[in-house]
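Counting the sequence shown from 1 gives a position; the working numbering is that position plus 14.
Backbone N, C-alpha and C fix where the C-beta goes; we use that ideal spot for every residue, glycine too.
First comes the structure, then the notes that go with it.
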Amino acid sequence: MNAAYTWTGIVVMALVTYVIRMIPMAFFSKPIQSKFFKSFLYYVPYAVLSAMTFPAVFSADLPLAVSAVGVLAAIVCAWFGGSLLVVAAVAAAAAYVTLVLI
């Protein structure tokens with residue numbers, strides 16, 4: 015690959031990212047009043063994170079027990095109201111401890 019191809023890819027990705035983030039702000043300039051839409055937007059980060067990470071957890075090169083312990087720790091932590099950052103940290107710590115112990 016040459017430098018022009020790489021820079022073109024970077025610029026295109028930056029523009030796409032900007033447009034995706036700019037369109038909602040352009041259409042929803044006033045505060046959102048709909049409870050349904052607010053709840054939908056509230057759960058989007060959790061749904062996207064789950065959809066991206068859950069399949070990768072069980073296709074990792076680590077033993078299945080390590081992945082299972084990490085997922086279970088994340089589920090329990092989320093069930094008891096942990097924030098997204100806390101859930102990720104607890105899951106990573108649980109998986110690491112399991113890996114060290116195995």
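Q. So what does DSSP say about Ile-116, is it helix, strand or coil?
A. Three-state result, Ile-116: coil.
Q: From the DSSP output, in three-state form, read off Cys-109 for me.
A: Correcting the residue type first, residue 109 is Ala in the shown sequence and not Cys. Ala-109 falls in the helix class under three-state DSSP.
Q) Three or more C-beta pairs closer than 8 Å, one from the stretch 101-115 and one from the stretch 76-93: is that the case here? A) Short answer: they touch.
Q. Exposed or buried, which one is Val-101 when buried takes at least 16 other CB atoms within 10 Å?
A. Buried, because 16 or more other Cβ atoms sit within 10 Å of the Cβ of Val-101.
Q. Mind checking Val-58: buried by the 16 CB within 10 Å criterion, or exposed?
A. With fewer than 16 other Cβ atoms from the protein chains shown falling within 10 Å of its own Cβ, Val-58 counts as exposed.
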